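Read in this note's numbering, the sequence shown has 765 at position 55, and its numbers run on one by one without any break.
Even for Gly, the Cβ is constructed at its ideal location relative to N, Cα and C.
Being a predicted model, the structure only gives us computed values, none of them experimental.
Take a look at the structure set out below.
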Amino acid sequence: MKRKAGKLLMTIGLLLIAAAFLLMVYNIWESKKAENMSEEILNQIKDGQDENVSSDDADEKPLYEIYPDMEMPVLRIDGVDYIGILTVPSLGLELPVAGNWSYPNLRRSPCRYKGSAYSNDMIIAGHNYSRHFGGLKNLAIGEEISFRDVDGHIFQYQVDDIETIPGTAVEDMDAGEWDMTLFTCTYGGKSRVTIRCRKLENDHSVIFKGL
711 MKRKAGKLLM
721 TIGLLLIAAA
731 FLLMVYNIWE
741 SKKAENMSEE
751 ILNQIKDGQD
761 ENVSSDDADE
771 KPLYEIYPDM
781 EMPVLRIDGV
791 DYIGILTVPS
801 LGLELPVAGN
811 WSYPNLRRSP
821 CRYKGSAYSN
831 DMIIAGHNYS
841 RHFGGLKNLA
851 IGEEISFRDV
861 DGHIFQYQVD
871 DIETIPGTAV
881 EDMDAGEWDM
891 TLFTCTYGGK
901 SRVTIRCRKL
911 ENDHSVIFKG
921 L
């Protein structure tokens with residue numbers, strides 16, 4: 711009887727190990743797939759920016775500074791609207807940002823959760839894939855991040871605070887007067903790694919003129 715129980719426990723243990731291994735392989739595959747999709751989207755956004763460079767005069771205020779509540783322009787790719795490119799130099803990341811949050815969109819790229827770069831309250835969500843937001847926990851205070859909209863305006867930010875927020879604390883995500891917030895769920899989804907950023911002040915945001 712004891713031998714049967716021992717064999718049963720061993721079989722269950724082996725099955726659990728196999729299931730954990732398969733889950734790990736699936737997560738790696740999904741992460742790689744997301745990385746490849748983001749790269750393809752990124753190249754299309756760059757091509758679109760090259761054709762749609764902003765015509766703002768450097769001596770004049772950009773339209774979004776006069777009307778900060780205006781809608782951000784979008785570039786539509788495969789049925790999804792994208793608002794620009796997020797760059798995190800210290801993590802070696804350059805990622806497209808979808809204009810609207812949804813689970814299908816998150817599988818392709820980070821997404822705007824709410825807010826706008828123009829009104830200085832943009833929140834961007836991303837999966838914890840290794841080449842998406844999985845490395846956010848490794849950022850340090852003072853590191854710089856940039857966002858470039860599809861019209862070529864570049865917004866520079868600096869990491870000011872790093873928080874871990876409970877997954878159920880939805881209202882805490884947009885608490886405080888932060889110019890930009892990046893967040894991703896930890897494994898298991900119990901909490902969210904949250905990066906709070908302040909905008910670096912310039913006379914005007916840089917206008918991107920080409921690659």
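**Prompt:** For M780, which option in D791, S829, I751, C821 has the closest C-alpha, if you only look at C-alpha atoms?
**Reply:** S829
**Prompt:** To the nearest whole angstrom, what separates the beta carbons of M782 and A827, a pair I think is in contact under 8 angstroms?
**Reply:** 7 angstroms
**Item:** Neighbour-count burial assignment, Y839, 16 or more Cβ in a 10 Å radius
**Value:** buried
**Reference H837, options L805, I855, I851, closest by Cα** = L805
**Request:** At 3 residues or longer, and completely inside the region 874-903: list those beta strand (DSSP E) runs for me, N to C.
**Result:** 890-895
**Message:** Spatial neighbours of E887 within its chain, please: C-beta separation below 7 angstroms, excluding the five flanking residues on both sides.
**Reply:** none
**Item:** For N753, the nearest candidate out of E911, G794, N848 (CA to CA)
**Value:** G794
**Item:** CB of N848 within 8 angstroms of CB of L801, strictly
**Value:** yes
**Request:** Report the rounded CA-to-CA distance for G877 versus T894, giving the unit in angstroms.
**Result:** 10 angstroms
**Message:** Output needed for Y823: all residues of its chain with C-beta closer than 7 angstroms, excluding positions within five of it in sequence on either side, in chain order.
**Reply:** W811, I833, I834, A835
**Asked** With DSSP run on the structure shown, which of helix, strand or coil describes G794?
**Response** strand
**Message:** Just to confirm the assignment, what range does the beta strand (DSSP E) spanning P806 have?
**Reply:** 803-808
**Asked** Per DSSP, which one or two residues make a beta bridge with V869?
**Response** C907
**Item:** I905 versus K771, Q866, L846, residue with shortest Cα-Cα distance
**Value:** L846
**Request:** Could you tell me which of T797, I776, Y774, V807 sits nearest to Y867, measuring between CA atoms?
**Result:** T797
**Request:** Name the residue from E775, E750, I751 whose alpha carbon lies nearest to the alpha carbon of H863.
**Result:** E775
**Message:** My output table needs one value for I689: the three-state DSSP class, helix, strand or coil.
**Reply:** No statement about residue 689 is possible, as the shown extent of the chain runs from 711 to 921 and does not include it.
**Message:** Per DSSP, what are the beta-bridge partners of A835 in this structure?
**Reply:** C821, F893
**Item:** Supposed close pair C907, D870 - CB separation, criterion 8 angstroms
**Value:** 6 angstroms
**Message:** Applying the 10 Å Cβ sphere with the 16-neighbour rule, what's the burial state of R902?
**Reply:** buried
**Asked** Ordered along the chain, which non-local residues of its own chain (more than five positions away) have a Cβ less than 8 angstroms from that of C821?
**Response** V807, A808, G809, N810, W811, S812, N815, I834, A835, G836
**Element boundaries [beta strand (DSSP E), containing I851]** = Taken as a continuous stretch (DSSP letters only), I851 belongs to no beta strand (DSSP E), as it is neither H nor E.
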